[in-house]
Structures are given as C-alpha cells and as structure tokens.
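Numbering (my numbering), first residue to last: 707 to 1256.
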Amino acid sequence: MKHKFFSKRGLASAVSLVLCVNALSVTAWAGSFTDLQNLVDQNSSVVLGEDYTYAGGDDRTTININSDINLNLNGWTITGNHQNSVITIGEGGNLTLRDDQGETPTTPTETPTAPVDTGNDAETPKVGTITSAGDESSPTAFGGGISVNGGTLTMKGGAITGNIAHQGGGGVYVAGNGQFTLENGEISGNKTTLSMGKENRGGAGVFVNDGQFTMENGTIKNNTAAASGGGVYVMGDNGSFIMKNGTITGNAANSDGEGGGVYVKNNAQFTMENGKITGNTAASEHGGGGVRVWNGKFTMNGGEISGNTATQQEGAASLAIAGNSTIKLNGGTLDNKIVTDKGGGIEQYVDRFHKVVYTKEGAVVTILPHDCNTEIMVCEGKAASCEENGATAVTKCSICGKQSGGEAIPKLDHIAVTDAAVEATCTKTGLTEGSHCSVCKEVLVAQTETEAAGHTWDEGSVTTEPTVDAEGVMTYTCTKAGCGATWTKTIDKLPENPGDGDDNTGGTGDTGDTGDTGDTGDTGDTGDTGDTGDTGDTGDTGDTGDTGDT
707 MKHKFFSKRG
717 LASAVSLVLC
727 VNALSVTAWA
737 GSFTDLQNLV
747 DQNSSVVLGE
757 DYTYAGGDDR
767 TTININSDIN
777 LNLNGWTITG
787 NHQNSVITIG
797 EGGNLTLRDD
807 QGETPTTPTE
817 TPTAPVDTGN
827 DAETPKVGTI
837 TSAGDESSPT
847 AFGGGISVNG
857 GTLTMKGGAI
867 TGNIAHQGGG
877 GVYVAGNGQF
887 TLENGEISGN
897 KTTLSMGKEN
907 RGGAGVFVND
917 GQFTMENGTI
927 KNNTAAASGG
937 GVYVMGDNGS
947 FIMKNGTITG
957 NAANSDGEGG
967 GVYVKNNAQF
977 TMENGKITGN
987 TAASEHGGGG
997 VRVWNGKFTM
1007 NGGEISGNTA
1017 TQQEGAASLA
1027 IAGNSTIKLN
1037 GGTLDNKIVT
1047 DKGGGIEQYV
1057 DRFHKVVYTK
1067 EGAVVTILPH
1077 DCNTEIMVCE
1087 GKAASCEENG
1097 ATAVTKCSIC
1107 GKQSGGEAIP
1117 KLDHIAVTDA
1127 AVEATCTKTG
1137 LTEGSHCSVC
1147 KEVLVAQTET
1157 EAAGHTWDEG
1167 SVTTEPTVDA
1177 EGVMTYTCTK
1187 AGCGATWTKT
1197 IDKLPENPGD
1207 GDDNTGGTGD
1217 TGDTGDTGDT
1227 GDTGDTGDTG
1237 DTGDTGDTGD
1247 TGDTGDTGDT
C-alpha cells in the first residue's frame, strides 16, 4: 500500500500552481488547521472527510486537545507545521485516535469520504496519517507528531509517520505524567536529529519522560534517532514502558546512540510481558542493539529479544546493562547476547529457570552452567511405599532463591502373599483362597467363608447287645476321613421268659420263637413296632400246644 500525503484535492492544488502562471485563481481544497480546530472544539467525536494541512498564515500551528475527543482519521491525512507538534494534548485532554474508514464525516464535504491511492494500488484505501511531511528545517524540539503533556492518548489505528523532532520524540512525546496506550496502528519513519552532545535526547519513535507508555499491540518500526532509543526512550523516576504485545523492529540509534530498540534510563521501568524486539541496531560502543539499560529497571516475563545488532561490540548484543540497574529475567526468549559496560553492569545474575548464571568478565557476560553446589537443603525426601506416594528432597539455591525438587514418587507395587484356602469340615466352615501384601498387610484378594459340609453316617453297628435286664446300644459313625464323629441309639431290653425253664418247655418256647418272626418288624427300625411283633411272643401261649403233645 502506498501512503500519499495529499489527496486528489491536494493534487489539484498542485495543478493550480501551474495555472497561477496564467493568472488563474484556484481555491485550495484541503482543510486548514483552523477548520480542524473548530471541529474539535465543537464536537466530542470528529470524523474526517478531507485532508487537513497547515498553511502559512493559519491561526493554528498545532491542534490542541484539552477535553475528551474521539478522532477518526477515516483514511485522511493531517499534515502539520514541522516547527510544532501536529497535535498537542494538554493536561485534562483525552484523545482517542482511530482510523475506521467509511464513516460519515462530521461536516458535509465535496470531497470523497473514502480517499484512495491512485497509483499502482488504485482504489486501495489510504491509511489515516499524522505527519509533518518529513521537513527537517527547524523542527520542533519534542514531539514531532503528537505531544502528550499531562493528558492521555489512546491510539487504536492509523499511522504516525514522517515526523521529526530535534531533541526527543520524533513520533510521540509523553511527559508530565501523561499516558499513551498503543492498541493498534503504526509509528514509523520518524526521526530525531540531535545526537548525544546533550543528554536525554532520542526516542525517534516514542520518547517517555516521567510518563507512562503501554504497548498493547501495533508496530514501532524504521524510526531513526541521532541519539539513543531508536524505537522507544523511557526515563525518569515515574517513567514506565509496559510492552504487552506488538513489535519493535528495524529501528536505529545512530552516531553515539544506545538502545536501538529501547533505551531505559534514570530509574525508569521497562516491563516486557510479550511481543518482539528484533532487528534493531545501536551504533554506540555502549551497545544494546535490542535494549539498553542505564541506571534503570528491566523485567522480562515473556516475549522475544533477538537478532539485534551492536555495531561496536563483539557479537550482536540484544541486552546491554550498565550503572545501578535492576534486571530480572523471568521468562521469554533472549538470544544470550548480553553485555555490560566497562566498570558497570551486574556482577552476577541467575535466571529463574535455573539454567544459566551471568557473570561479568570485563565487558562481556559469560554464560556458565548453574553451580549446584550453591544449593542448600530445605527438606529431605520421603520414600514411597505401597500405601502412599513419596517425594524427592527439596533444595534451594543460595544465589537466586529458587527451589527445586519435591517431585512426587509413585506408590510402590504390593508384594502379594497367598492366603491358602481352608477346607470346610463336617462341623466347621472353611475359607476360599486369597492374598495380602506382605509389606503393608493390605488385603488384595479377600477370602470368603464356605459352609460346613455335614456328617455322612454309616449303617450303624450294635456296640452293646440288649438283654432282658439291660438295653442295648446301636452306634453310628461318620464315614468322612479324619472325622470319626459318632452317635448312638438305644436298643430295647429283651422280653422276660414266662416258661418253667425246663428243656421241653424251652423247646416249645422255641416254637414260640417262630413268633419272633414278629421281630421281622425290627427290619424296619420301625423296628420298635416290630417289638409289637413280640406280642407274637404271646404265641408262647401256644406253648400250651405242648399239652397237645400229651
């Protein structure tokens, strides 16, 4: 995309100069600074519909912002008097700068509402721009593009380009506790012209003097400082620069300049959370192609600083440190090209990842493995068991305070022991086979109870014969191996003999014994019912039959 500093009307104005030779009069088509100032004074939200250019004799040499103003460049260009800031934001001023093209202009205009590039990229919308057209004749001292003096600037789009400041802040100058937030857009191609013959000069892109600059996104590129801070210069007790995202690239600190990308000085604080600082150059022997810190504070929590060049130092230093500086490297990518000034800088530093120690040797920082002998014990480890996890010992570095160790050790596997099965007996329950850990005694496979089997009895045997005078005993025995349990049953007494006891009588009695056939009843152990069969002994009365023998 080509950026042009005059529109179709501007081109017509140039043509009008030729026509003036023939004494023809043509009205300039670009709005004046007085016109733009009137718009700003009368409206809280302004959408441009044409270019605005400072012209000799104009009542206004800068656009003053002293209230809340929302300014949409809408693709048009504001070209200022190079001897003053194009826009000045005073204390109480709050400017939001946008470039949302296609909105209806604040006032009617005969010009197109969407300026186009009529070159090779015809019909491509132009980027809304704030510029002083690169005029180096007697440039303003500070803030060639925008000067923030105690107010607030929020940049959401557009470009601040082609501006020049003699001393500081070619693109943007922030002072007096002013605040600048770059949410999007581009700060490029700006310059400062005074070298380090005087202190605190530079910041071709942005100069922050006791103010606050937050870079949410956007690009700061191809700015050139005759002194330090090609991209950004931040200084002062209240000076701070927080880089949350975006890119600082292709900037240069020429002559005796330090900090091609960023220069941090005099207790100012630079905190880098994300983004890239790459491809910047510093020409001074003090270096810092990417970042230079002198009596300042630098904290890196993320992002990348790499591929920067310090032309007068060994290697392409990305970070140069000097004076009473505080440096904290908590994260991000740093390409290890770190230097310290002669007689200055840090003596030793350990990053929080515990990977390297930076120790000073002359003017170059050497990167060494971390010395684990500097670690002290915080707590001893704990052995793992099969009941709970263990942990390694915890140690602490006596230099940086970082703790290491304490990693969990997984539980050990159980050592299983078999619990044998117990066979049930006739009268006692048994157990199935199981297992447990021999170390912690935890049951791994539980044993379950089995029922008692019960006795198996034989047919029994008479262990005591019954007599007329005494009962007998029948004994039953369990047939299962190893049991031997018994139980007994009583056998009734034998009946008494009512005969005279002689042989003949006895013989007849024997006939009566036929009645004992009643004992067949014994076969049933209904047995005793068979004893009723003994009533058959009444058959002995049949002994009277013996009388028949007579």
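We treat Cβ as the ideally placed atom computed from N, Cα and C, and that holds for glycine.
Whole-angstrom distance between residue j and residue i, CA atom to CA atom
i, j, result
"residue 950", "residue 748", "35 Å"
"residue 1024", "residue 959", "13 Å"
"residue 794", "residue 760", "14 Å"
"residue 791", "residue 1017", "33 Å"
"residue 1184", "residue 1088", "60 Å"
"residue 1218", "residue 1198", "Since pLDDT at residue 1218 reaches only 37, below the 50 mark, its modelled position is unreliable, and the value read off the structure follows with that caveat. Roughly 20 Å separates the two Cα atoms."
"residue 1195", "residue 1189", "19 Å"
"residue 930", "residue 1103", "43 Å"
"residue 985", "residue 810", "40 Å"
"residue 948", "residue 1092", "51 Å"
"residue 1041", "residue 750", "47 Å"
"residue 1085", "residue 1096", "13 Å"
"residue 894", "residue 928", "6 Å"
"residue 1052", "residue 992", "Here residue 1052 scores only 48 on pLDDT, less than 50, and its place in the model should not be relied on; the value that follows carries that caveat. C-alpha separation (whole angstroms): 14 Å."
"residue 997", "residue 1026", "6 Å"
"residue 738", "residue 935", "34 Å"
"residue 1113", "residue 1037", "22 Å"
"residue 1225", "residue 1201", "The predicted position of residue 1225 is uncertain, since its pLDDT is 40 and thus under 50; a value taken from the coordinates is nonetheless stated next. In a straight line, the C-alpha of residue 1225 is about 12 Å away from that of residue 1201."
"residue 1005", "residue 812", "44 Å"
"residue 888", "residue 1000", "25 Å"
"residue 1192", "residue 1157", "21 Å"
"residue 899", "residue 873", "7 Å"
"residue 777", "residue 1015", "38 Å"
"residue 879", "residue 1110", "45 Å"
"residue 982", "residue 955", "8 Å"
"residue 1003", "residue 944", "12 Å"
"residue 976", "residue 1119", "53 Å"
Per DSSP, cross-strand counterpart(s) of residue i
i, result
"residue 998", "969 and 1026"
"residue 1155", "1137"
"residue 932", "According to DSSP, which records beta bridges pairwise, residue 932 is partnered with nothing at all."
"residue 885", "858 and 918"
"residue 1114", "1097"
"residue 1010", "982 and 1039"
"residue 776", "751 and 802"
"residue 758", "737 and 784"
"residue 1125", "1140"
"residue 908", "874 and 934"
"residue 946", "918 and 975"
9 Å Cβ cutoff met for residue i and residue j
i, j, result
"residue 808", "residue 771", "no"
"residue 897", "residue 865", "no"
"residue 881", "residue 854", "yes"
"residue 762", "residue 782", "no"
"residue 965", "residue 1009", "no"
"residue 946", "residue 974", "yes"
"residue 836", "residue 787", "no"
"residue 968", "residue 937", "yes"
"residue 1152", "residue 1140", "yes"
"residue 740", "residue 775", "no"
"residue 884", "residue 857", "yes"
"residue 892", "residue 925", "yes"
"residue 1012", "residue 1039", "yes"
"residue 963", "residue 932", "yes"
Three-state class that DSSP yields for residue i in the structure shown
i, result
"residue 659", "Not covered by the structure: residue 659. The range shown for the chain is 707 to 1256."
"residue 747", "helix"
"residue 1193", "strand"
"residue 838", "coil"
"residue 804", "strand"
"residue 871", "strand"
"residue 1092", "coil"
"residue 853", "strand"
"residue 1015", "strand"
"residue 897", "strand"
"residue 993", "coil"
"residue 1167", "strand"
"residue 1003", "strand"
"residue 1160", "coil"
"residue 1109", "strand"
"residue 1200", "coil"
"residue 1084", "strand"
Interface flag, residue i vs chain B, CB-CB below 9 Å
i, result
"residue 913", "The chain inventory of the structure shown lacks chain B, comprising one protein chain alone."
So, do the segment 1138 to 1148 and the segment 1165 to 1184 have three or more beta carbon pairs nearer to each other than 8 Å? Counting C-beta pairs with one atom in each stretch, the segment 1138 to 1148 and the segment 1165 to 1184 have fewer than three that are closer than 8 Å, which means they do not touch.
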